Amino acid sequence: MGTVETLALWGVLRAPEVAELADAAGLPLAAAAALLEQESGGGRNVWGSDAVPTGGAYVKGAEVTEQTYRAYRRALAAGTAGQQGVGPVQLTAVGYQDAADALGGCWLPRCSTTVGFRLLAGYMRRWDLPRAFRAYNGGAGTVTDPARYPSPAAHSYEQQAMGKYARWADRLGAGSTSTAPAVTEVDDMQPDERAALLEVRDGLRAAGIGKGRLPGRSAGQAQVVDDAFGWVLTGAGRADDAARGVDALRAQVTALVGAQASAPIDYQKLAAVLLPQLVAALAGR
């Protein structure tokens with residue numbers, strides 16, 4: 001029995017497409033199947049059930065449609081709805097939903113799954129699979145800075161997903177798992193460079209650009225700021241071609257801080273410049 005047939009036999013929906021998208025993202029098929037099972041029972045295109053207001057735009061657990069998704073985004077912008085998981089891989093952060101919209105529409109399983117697979121594959125290139133699952137659920141901070149972002153739920157998710165992964169690896173056999181070594185997090189930053197980046201991050205937070213507090217923008221983009229700075233500060237991304245955009249951003253931030261002595265940074269203005277770049281860089285991983 002082939003891998004596509006095995007996926008379908010064990011309950012993965014749109015199995016040929018799943019195999020195609022996992023391969024395109026560089027994600028081991030067993031990890032892709034485990035993610036779909038963990039998030040949506042095998043790839044159901046449904047709304048999540050997080051304890052946030054819906055604004056009357058959708059029904060939790062119901063099918064995602066273009067109509068309900070557009071209503072959700074309007075409610076989110078109006079402040080009457082909270083961020084909710086969308087689709088087979090339960091994209092929740094607005095930046096990732098935007099990335100799926102750019103591919104054709106987050107309400108389409110192919111588009112949302114593409115973004116989710118790319119995200120998990122990117123985390124795998126930075127760390128190992130268990131930590132990749134943890135970051136997928138709780139954000140990169142649960143791996144890079146667990147003291148600041150303790151998350152028992154993310155650790156539980158990691159354990160559940162790894163159990164599913166082991167079963168899928170057994171079902172799918174050779175070729176469904178990754179034999180590549182995990183990226184080792186080697187911190188190649190100089191102390192002054194790290195201090196400069198921390199200064200910018202802390203300045204953004206002090207200006208109200210911290211996690212969950214982003215004036216005039218969604219809380220989802222605030223999470224992108226935290227995730228992006230966590231990614232930059234680990235130094236692990238330098239081993240991955242997908243991090244080139246973030247490396248360039250790091251250089252820009254360092255240069256900005258270097259000029260601070262003569263021209264103090266306007267963090268609100270800096271946030272307006274950096275946020276689109278951060279969203280694009282993270283969505284492209």
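Numbered according to the working numbering, the sequence shown spans residues 1 to 285.
From the three backbone atoms N, C-alpha and C, an ideal C-beta is built for every residue, glycine too.
Quantities reported herein were computed from a predicted structural model and do not represent experimental measurements.
Buried versus exposed call for residue i [16 or more other C-beta atoms within 10 Å across all chains shown]
i, result
"G173", "exposed"
"G216", "Legend: pLDDT at G216 = 43, less than 50; position of this residue unreliable, value from coordinates given subsequently. Result: exposed."
"E39", "buried"
"Q159", "exposed"
"E37", "buried"
"P16", "exposed"
"T3", "buried"
"L76", "buried"
"G85", "buried"
"D170", "exposed"
"P150", "exposed"
"L9", "exposed"
"M124", "buried"
"S156", "exposed"
Where the alpha helix (DSSP H) through residue i begins and ends
i, result
"W107", "Unbroken run through W107: none, as it is neither H nor E."
"D98", "94 to 102"
"A147", "No alpha helix (DSSP H) holds A147; DSSP gives it neither H nor E."
"A140", "Taken as a continuous stretch (DSSP letters only), A140 belongs to no alpha helix (DSSP H), as it is neither H nor E."
"L9", "3 to 9"
"L91", "From DSSP, L91 is part of no alpha helix (DSSP H); its letter is neither H nor E."
"A57", "From DSSP, A57 is part of no alpha helix (DSSP H); its letter is neither H nor E."
As assigned by DSSP and simplified to three states, the class of residue i
i, result
"A239", "Because A239 carries a pLDDT of 37, less than 50, the predicted location of this residue cannot be relied on, and the following value inherits that uncertainty. A239: helix per DSSP, three-state reduction."
"W168", "helix"
"L129", "helix"
"V86", "strand"
"L27", "coil"
"S262", "Note that S262 scores 49 on pLDDT, short of 50, meaning its location in the model is unreliable; the coordinates nonetheless yield the value given after this. Of the three classes helix, strand and coil, the one that applies to S262 here is coil, per DSSP."
"V52", "coil"
"V64", "coil"
"V18", "helix"
Using 8 Å as the cut-off, can you tell me whether the region 59 to 68 makes contact with the region 100 to 109, which would need three or more C-beta pairs spanning the two stretches below that distance? In short, these stretches touch, since the Cβ pair count reaches three.
Report yes or no: do the region 116 to 130 and the region 85 to 103 share at least 3 C-beta pairs separated by less than 8 Å? Proximity of the region 116 to 130 to the region 85 to 103 meets the contact definition, three or more beta-carbon pairs being nearer than 8 Å.
The region 141 to 151 / the region 48 to 62 touching (three or more Cβ pairs under 8 Å): The way I'd put it, the region 141 to 151 doesn't touch the region 48 to 62; fewer than three beta-carbon pairs between them come closer than 8 Å.
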